[in-house]
Every structure is written in structure tokens, then in C-alpha cells.
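>
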Amino acid sequence: MELIINVFLSILGIYFAIGFLFGLYFIIKGATKIDPLMQDTKKKVRFLLFPGVIATWPFLIGKLFKPKTV
Amino acid sequence: MGLDYQLVLWNKHKKTYDKIIVFSMLLYVILFAIVTLAFNSETSAETLIIRAFGSLAIIMLHIILIIGPLARLNTNFLPILYNRRHLGVSMFIAALIHGGFSIFQFHALGDTNPVYSIFTSNMDYGSLTNFPFQVLGFLALLILFVMASTSHDFFLGNLSAKVWKRLHMMVYFAYALIIAHVFLGAFQQETSLFTIGILIIGFIAVASLHLITAFKERKIDTTKANEKEGWLEVCDISEIEEDRAKIFTVENERVAVFKYDGKLSAIHNVCKHQGGPLGEGKIIDGCITCPWHGYQYLPNNGQSPPPFTEKVATYELKLDGKTVYINPKAFDEGTEVKPCKY
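In order, the protein sequence lines correspond to chains A and B. Take 1052 as the starting number for the first sequence in my numbering and just add one per residue. Take -5 as the starting number for the second sequence in my numbering and just add one per residue.
This is the structure:
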């Protein structure tokens, strides 16, 4: 059981650590690349979105590499 | 609705709603403290906070879970549904205070990582009466965190409505974890009859209201309509309230038939914002207004008023005497359809 707990908490820790780094990138630069509406959005909104970006980074990271459609 | 993102989408009604939420939460915590101290004056501040915010979060979660079906059964509950998102975030804050203080009091004062301690301080996972119930609360809190932190239109737009909806449907899993958390905890700790009572009554209310709504909606979806020359009979015009709609299923799609200003218009029932039931909303300022978050559409073309760009499909209606008929073939989203006058 301890092994399962260790694996689970390690995965959780890594997930949130990557999410935190991605969140920092989102605040500094990535927000406008993910969503063009962020260009006209006040900077403080990015800080509000920060926890959600940490939680959902696997869904958002893909948007960075998708070709832009007009 | 917006062309950029706002920190919080507030209007006069939502501000009033939020003030009521904050006032009610504070009132509950104060009353809880007074009653607890009156019965047990030796209760520590940490225990008081843990119990007050824990029970508050459970009550709020029940309200959140029942207002959806309640609003479907009775439109008088729609104003509570209108700002459910803020209620959800407030509930998460209450749960976070409960969880944060619990972790601090029971797991943060040793030399073990507090999160690791939650999972390993009691390893009796095979036991029902001694199960480490705090693990269940922690997992529920994680789910509530994901939901609260993604309660912004940015995530709805960028995760896609489908993914967003799936993430937020996890509230039922969190609810199950919370029920198990409280009941298993009751075997091991001094849990009040008040909390257990709320949970039992709440579970019965949540389950029964969801079942009643499901049966009602199934009836809408399975009702066979009379057909007349390719048109389907919806209802008698008197069955639709002024500025409201009747929901009707056409070729497995729900359609909202609205009655307003001596006219009838029909649009697809699903709001483009978050899948809200447009037919449960009403006409405000000439626009069909979604009961969930106030997104608006013009009844004659299913388009959001400029500069907004959301569009839903429209349908053609006709009247034969006082009976409303609908052409089951949907027009493309945003297509102008002349309203049917009566």
C-alpha cells in the first residue's frame, strides 16, 4: 500500500510542479499564444487564472502547438 | 459574454447575490460558534473552525447540487441558479479552510510532509471502522480545487465545452467522497448528529430531485408528437407563458418555443456558452436570456446581439387555430426566421 501511495503522491507532485512552471510561462508569455482574447485582457486576470492553468496544463499545452486558424 | 476576459463578470444582480452568499456564510459560522460554545465551552478555536467550515461546505454543496433540478421543476428557483458559479467557488473556499486547518492541526506539526502524513498516518485501508477517512476528504478537495480554479470563461473557451463539462461533472464524485469522508469519520471521531442528519437529509433530497427531473425530462424526450403535413404539433398556445418557452424535442434535439409580444419563435435549446437550457430562461430586453449565466440571443435569428458572435439553430413555426406547429428541419445557426404572429 505504501508503494501505491508513494507512486500516487509522486505523480501528483510532478503534475503540479510541471503545472506551476507552465503557469509561470502562461503569466509571462503563453496566455496570448493560447488565446488571442488575452491580448486585450488586463494582466491581473492572468494571476486569477494561474491556479486553473496549474490544474489543467495538459489540456492547454496542446493549444500552443496547434496551427492558428483565421 | 465579452470580447476580452474580465476578472469577475459582475452585474448588479450578481453583486447582490455575492453579498448574500458572504453574509450567509459569516452568519452561519457565527451561529455555529455560538451554539457549539454554548454546549461545549472547551472547544478549541481550531476545532471550531474545522467543524464550522466543514459543515458549511457540505450545506453549500447540497444547495449547489439541488438548485439545478429545483429550477427545472419550478422557475422560482432560477435566480439562485443564475450565479451558481460564484456559489461553487465560495463553497470551495469554505472546504479549503476546513481542509487547511485540519491538515495543519493533525498533520503539519510533525516532521513528516503533511500531504504524505494524510495518506500514511493511518494505514488501516482494509478496515471500515478505522479507514483513513481524511484521504477521502483530501481527494474531494483536489476535485473541488480543479472545479473552482477553472470556473472562468477562459477555461470554458480553451478546454472546450465538452472537457469543461466533464471536469465539472466530477462534482458528483467529490460528493460521494465527501459523504464517505463524513460517515467513516463518524466511526472514529466525535461527529455531531447535526452533521450526520444534514448529510442523510441532503442525500435524500439530492437523489430524489435528480430522479424526478430525469423522469420529467425523459417524458419530454419520449413524447410522440402528432404530425400534420410534415409539421409536428407542439402544444396549445395557452400552454406557453408570456416571455417564457415550452421545451419540445424534435428529431432528438431539444427546441425552445418562446412566446413574446404577440409572437412565437423557436431556437435550439442549448446555450453556446456552457450548454445551459435556453428554454428555461426568459425574454429580457427582447432577448432570450440563458438562466445559467445570462448569455443572450435574439429570438428571430438565434444570434447574440452585436458585438457578440454566438449563434444557435432556428426553427420555423406556424399556428393552426390555437395549436402551435413546428417544422422539424432546423435552419443553420443564426438563420433569420420570421416570428409567427398570433
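Glycine is no exception: its CB is placed at the ideal position from the N, C-alpha and C atoms.
How is Ser259 (chain B) classed by DSSP in three states: helix, strand or coil?
In this structure, Ser259 (chain B) counts as strand in the three-state DSSP scheme.
> Looking at Thr308 (chain B): is its Cβ nearer than 7 Å to the Cβ of Gly296 (chain B)?
yes
> Does chain B have any CB closer than 7 Å to the CB of Ser1061 (chain A)?
no
> Decide if His7 (chain B) is buried, meaning its Cβ has at least 16 other Cβ atoms within 10 Å, or exposed.
exposed
> Run the CB neighbour count on Tyr76 (chain B), radius 10 Å, all protein chains shown included, and call it buried at 16 or more, exposed below.
Its Cβ being crowded by 16 or more others within 10 Å, Tyr76 (chain B) is buried.
> Would you say Leu150 (chain B) lies against chain A (beta-carbon separation less than 7 Å)?
No - not a single Cβ of chain A is within 7 Å of the one on Leu150 (chain B).
> Determine the contact status of Gly1074 (chain A) and Thr144 (chain B), defining contact as a CB-CB distance below 7 Å.
no
> List, in order along the chain, the chain A residues whose C-beta lies closer than 7 Å to that of Phe167 (chain B)?
In chain order: nothing, as chain A lies at least about 15 Å away.
> Ordered along the chain, which non-local residues of its own chain (more than five positions away) have a Cβ less than 6 Å from that of Leu153 (chain B)?
none
> Just to check my reading of the structure: Leu64 (chain B) and Leu203 (chain B) have Cβ atoms closer than 8 Å, yes? What is that Cβ distance to the nearest angstrom?
6 Å
> Which of the three DSSP states is assigned to Tyr(-1) (chain B) in this structure?
coil
> Note down, in chain order, each residue of its chain lying with its Cβ closer than 6 Å to the Cβ of Ile74 (chain B), except the 5 sequence neighbours on either side.
Ile61
> Does chain B have any CB closer than 7 Å to the CB of Val1058 (chain A)?
no
> Run the CB neighbour count on Glu274 (chain B), radius 10 Å, all protein chains shown included, and call it buried at 16 or more, exposed below.
buried
> Evaluate contact between the region 312 to 323 of chain B and the region 286 to 294 of chain B, counting only Cβ atoms and requiring at least three cross-stretch pairs below 8 Å.
no
> Cβ closer than 9 Å: which chain B residues qualify as neighbours of Pro1109 (chain A)?
What Pro1109 (chain A) touches in chain B: nothing, since even the nearest Cβ is about 10 Å away.
> Can you tell me where the alpha helix (DSSP H) with Thr317 (chain B) in it begins and where it stops?
Thr317 (chain B) -> not in any alpha helix (DSSP H); beta strand (DSSP E) instead, spanning 317 to 320.
> Rounded to whole angstroms, what is the Cα-Cα separation between Leu135 (chain B) and Phe86 (chain B)?
Leu135 (chain B) and Phe86 (chain B) have their C-alpha atoms some 8 Å from each other.
> Hey, Met54 (chain B) and Leu90 (chain B) are a contact pair by Cβ (cut 8 Å); roughly how many whole angstroms apart?
Contact flag wrong, Cβ pair sits at about 12 Å.
> Tell me, which residues are paired with Asp314 (chain B) by DSSP?
Looking at the DSSP assignment, Asp314 (chain B) forms a beta bridge with B:Thr317.
> Please list the partners that Ser143 (chain B) has in chain A, where partner means a Cβ-to-Cβ separation under 7 Å.
Pro1102, Gly1103, Ala1106
> Going along the chain, which residues of its own chain have a beta-carbon closer than 6 Å to the beta-carbon of His101 (chain B), five neighbours each way excluded?
Once the five neighbours on either side are set aside, the close Cβ partners of His101 (chain B) are Pro108, Ser111, Ile112.
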